[in-house]
Structure formats: C-alpha cells, structure tokens
Amino acid sequence: MIGAAALGSAILSGLLPFLIALVLCTGFGATTPAVAADKVLRVLAWPGYADPDVVKEFEARYDAKVEVTLVDSDEALWAQVHSKDTPPFDVLAANTAEIRRYAEANLLAPLDLASLPNTKKQLPRFRALGSIDGLTSAGKVYAIPFTYSSMGLIYDRRQIPVAPRSMLELWNPRYRGKVLDFNSAQHNFSFTALALGYPHPFQLDAAQMRAVAHKLVDLRRNLLTYYTLPEEATAFFIQHKAALMFGNYGTQQVELLRRAGADVGYVIPDEGALAWLDCWSMTRAASDKPLALAWINYMLEPAVSALLTQRQGLANTLTEPAEGSANAHIVWIGPVEDIDRREKLWVRIVSGDRSERF
Numbered sequence: 011m012i013g014a015a016a017l018g019s020a021i022l023s024g025l026l027p028f029l030i031a032l033v034l035c036t037g038f039g040a041t042t043p044a045v046a047a048d049k050v051l052r053v054l055a056w057p058g059y060a061d062p063d064v065v066k067e068f069e070a071r072y073d074a075k076v077e078v079t080l081v082d083s084d085e086a087l088w089a090q091v092h093s094k095d096t097p098p099f100d101v102l103a104a105n106t107a108e109i110r111r112y113a114e115a116n117l118l119a120p121l122d123l124a125s126l127p128n129t130k131k132q133l134p135r136f137r138a139l140g141s142i143d144g145l146t147s148a149g150k151v152y153a154i155p156f157t158y159s160s161m162g163l164i165y166d167r168r169q170i171p172v173a174p175r176s177m178l179e180l181w182n183p184r185y186r187g188k189v190l191d192f193n194s195a196q197h198n199f200s201f202t203a204l205a206l207g208y209p210h211p212f213q214l215d216a217a218q219m220r221a222v223a224h225k226l227v228d229l230r231r232n233l234l235t236y237y238t239l240p241e242e243a244t245a246f247f248i249q250h251k252a253a254l255m256f257g258n259y260g261t262q263q264v265e266l267l268r269r270a271g272a273d274v275g276y277v278i279p280d281e282g283a284l285a286w287l288d289c290w291s292m293t294r295a296a297s298d299k300p301l302a303l304a305w306i307n308y309m310l311e312p313a314v315s316a317l318l319t320q321r322q323g324l325a326n327t328l329t330e331p332a333e334g335s336a337n338a339h340i341v342w343i344g345p346v347e348d349i350d351r352r353e354k355l356w357v358r359i360v361s362g363d364r365s366e367r368f
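The numbering used here puts the first residue of the sequence shown at 11, with every later residue one more than the last.
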C-alpha cells in the first residue's frame, strides 16, 4: 500500500519532465534568451570619461551592459588594446597622435557620421574633422573629438607668489624635492624639447634626443616623485607640500586640487605648452558596431559632455570654455619620431641610470 506522501512524490516525479518541457516551450525560467546580457560594450577610457551614473543611463537606454577599463597613460592604453588576457574593446578614447598610431596599425574602424547626429552640436572647429591632424584617412573618419586641455605648469601660490614664466622652472634648484612629473615617455620628451626651444618637439634628431634625455635625468634632482592618475597627483601635491607640477591633465588637475583645498595657479609658459585633444574611436574588433556608435553619439549629448567641465574641469567640444587662453602658445601633440626609442630611454631615466650613460 502506498502512503499519501509517497503517492504525491510519485506524481511529482512523473510530472517533472512535463513541467520542464513546458517551461522551455513557454520561454520562462533560466533558459530564456537574455537580451541585455548578450549586448556588452567594452570601453577603454581615461578617468572621468565614463562615470558610473553616465554608464548606468546608457545601459538602461540601450538595454546593454557596459564594461569600462580605465588607463593612466598612453602606454597603458596601447598595452590594453594588445592584451591577450581580456576580450577585445569596442570603443576607446585616445589623443589625436595616438589615434593616428592606432589607425595606421589597422586597429580602428571608419565611423558612419550619419549614425552620430550629435556631432552637429559640436563647435565648428571640432566639426571640421579634416583640419584636425590624425582623425581622417583616405576620406574616412576614424575619431570624433570629445575633450581637450593644455598641459601647463601648476604651482603653489603660497610658495610661488608670482606665476612662473617657463617650464624650465621645474629644474630650478630652489624647488629641490618639491616637483611632481607625469610618468610618460612621450610627453616628457616633448615638453622638455619645447622648453629647450627645439622647433619640432615631436620629431627629435639623435643629438636632440640625447640632450633631452640628459635634461630629464637632471630633473630627477628636483623630483618628489612621478605620478600617473590626477587623483594621485593631488594627494602627493597636498600631503608633501609640492611647489610645482607638470600638469599632464591640465585644468582637470587644477579643479581637483582646488576642491581639495590647495591654493594653486595654472600657467601656460612663454615657450608654450603641449595640449591634447582626446577623441572616441571604434575598434575593428567591435562586436556590435551600432552599439559602439550609439556610445560615441551618447558621449556628445550636451548633458553628458557638460559633466566633463562640471566634474573634471575639462573643456568639452560643445561649448566654449569659460576661461579662454586665446593668446597662449598651444602646441597640439603629434606623432613622435620613434615611440620605442623614447620609451626605452624613459625606463632608464626613471630607473636612475646616470646621465653619462646616454
């Protein structure tokens, strides 16, 4: 004789295959095709370009998941793109010199401007893509301007009441142990060449390269340390009472320092300052090109671009900056003569190699 509990168990056991089949056929349960999980956008960017709330809004609007990877240097960006340990990225943010490098390496896909209607809201000089070196090739567009800043000199007003006139002040012996420098081969060689008066800071010959290397070795005497991220630089500057800093992130760093209570000034030296223009590009490896284009277009929405200025102190490409620098000597960064050579020399400089060995 079968008890009630046993009978119920037998009935359920017999019905189980039927119930499973019913679930599969009607589309309920864990086997339901997951639309959002299948739409993943992998973004490679700099701090402040893709804040969590900005990402969340995009995910909700396009029913997709966004995975953001942040970098702190051009070298790190290049390494991430070539990494075999992570899935390919769909979109990336890089300066114009790097964009040309990526395009020449056949890593970028041409952009369909018809899918980027927000470009029509940009300032005229940023809509003239053909006039910006590195963004176009053979009539095709590979990048859209997003944000920019000069790379000037940041100084502590309490220690330096009169604004410095030259980037060479970084080498002034009075600031021994009070200087911060950005950890990057590309920009250090270029800004030092500019400070030394070389007319083509991105195209140095062998003698000029050696002279710049010697100068960067000399700079170590004044260094507190090298930094990578702007937040890191802010902490070093305040905690260790730095006097001067090469502002790789420009006005973004000024904004962070002032919010942290530092009394800092910002100046474009008489010899000029490097300036970067960061752009969004789509990679050839993009798995969902319409979604990648949607991201670039979304980044150019007025509310999103405005956050660059409100939160980061960076200029955007839709509105004129509040504080113009019309008379300043700005040198937009360009491709350099030998990236590998600069990086190898920089490793030796940072590691403490002696000047006479260069």
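We treat Cβ as the ideally placed atom computed from N, Cα and C, and that holds for glycine.
Three-state secondary structure (DSSP) of residue i
i    : result
N105 : strand
V346 : coil
T79  : strand
I340 : strand
Y185 : helix
G18  : Since pLDDT at G18 reaches only 43, below the 50 mark, its modelled position is unreliable, and the value read off the structure follows with that caveat. Reduced to three states, the DSSP call for G18 is helix.
T235 : strand
L54  : strand
K94  : coil
K150 : strand
F68  : helix
A285 : strand
L266 : helix
F368 : coil
L204 : helix
F99  : coil
F247 : helix
G13  : The pLDDT assigned to G13 is 42, lower than 50, so where the model puts this residue is not dependable; a value taken from the coordinates is nonetheless given after this. Reduced to three states, the DSSP call for G13 is coil.
D61  : coil
P312 : helix
Q213 : coil
I170 : coil
R175 : coil
D48  : helix
G140 : helix
Y112 : helix
L301 : helix
S194 : coil
Residue i burial status per 10 Å Cβ neighbour count (16 or more: buried)
i    : result
G207 : exposed
W356 : buried
G257 : buried
R184 : exposed
S200 : buried
D63  : exposed
Q132 : buried
S361 : exposed
S315 : buried
K188 : buried
R168 : exposed
N116 : exposed
A325 : buried
R269 : exposed
R1   : The requested residue 1 is not part of the displayed model; the chain covers only 11 to 368.
P209 : exposed
A89  : exposed
P211 : buried
A55  : buried
Cβ distance (whole Å) where residue i is taken to contact residue j below 8 Å
i    : j    : result
L303 : L118 : In fact, because the Cβ distance is near 13 Å, the residues do not count as touching under 8 Å.
L204 : L254 : Actually they do not touch by this definition, with Cβ atoms about 16 Å apart.
E241 : L266 : 7 Å
R352 : Q196 : 6 Å
W305 : V101 : 5 Å
R137 : T129 : 6 Å
V91  : V53  : Contact doesn't hold; Cβ gap of about 12 Å is too wide.
Q213 : E347 : 5 Å
F68  : V76  : 6 Å
P312 : L301 : Contact flag wrong, Cβ pair sits at about 21 Å.
I248 : A272 : 6 Å
Residues bridged to residue i [DSSP beta-bridge criterion]
i    : result
T7   : Past the edges of the chain, shown from 11 to 368, lies residue 7, and the structure says nothing about it.
S326 : Looking at the sequence shown, residue 326 is not Ser but Asn. Partner(s): T157.
G275 : Y165
R358 : BP columns for R358 are empty, so no partner.
L254 : Y165, V189
Cutoff 9 Å: residue i Cβ touching any chain C Cβ
i    : result
Y237 : Protein chains in the displayed structure number just one, and chain C is not present.
Residue i: CB within 8 Å of a non-hydrogen atom of the ligand HEM
i    : result
G362 : Of the ligands one can find in the structure shown there are none, so the ligand HEM has no counterpart to examine.
(request) Count the CB pairs spanning the stretch 142-150 and the stretch 217-234 that are closer than 8 Å, and state whether there are at least three. (result) They do not touch, by the three-pair rule.
(message) So, does the stretch 317-329 touch the stretch 189-203, judging by three or more C-beta pairs under 8 Å?
(response) Taking a cut-off of 8 Å for Cβ pairs, the stretch 317-329 and the stretch 189-203 do not touch, as fewer than three such pairs fall below it.
(message) Counting beta carbon pairs with one atom in the stretch 167-177 and one in the stretch 258-268, are three or more of them shorter than 8 Å?
(response) With a cut-off of 8 Å on Cβ pairs, the stretch 258-268 is not in contact with the stretch 167-177, counting fewer than three such pairs.
(message) So, does the stretch 279-291 touch the stretch 152-159, judging by three or more C-beta pairs under 8 Å?
(response) They touch, by the three-pair rule.
(request) Report yes or no: do the stretch 84-101 and the stretch 294-311 share at least 3 C-beta pairs separated by less than 8 Å? (result) Yes, the stretch 84-101 is in contact with the stretch 294-311.
(request) Answer yes if the stretch 136-146 comes into contact with the stretch 101-113, meaning at least three C-beta pairs across the two stretches below 8 Å, and no otherwise. (result) As far as the Cβ criterion goes, the stretch 101-113 touches the stretch 136-146, which means the pair count is three or higher.
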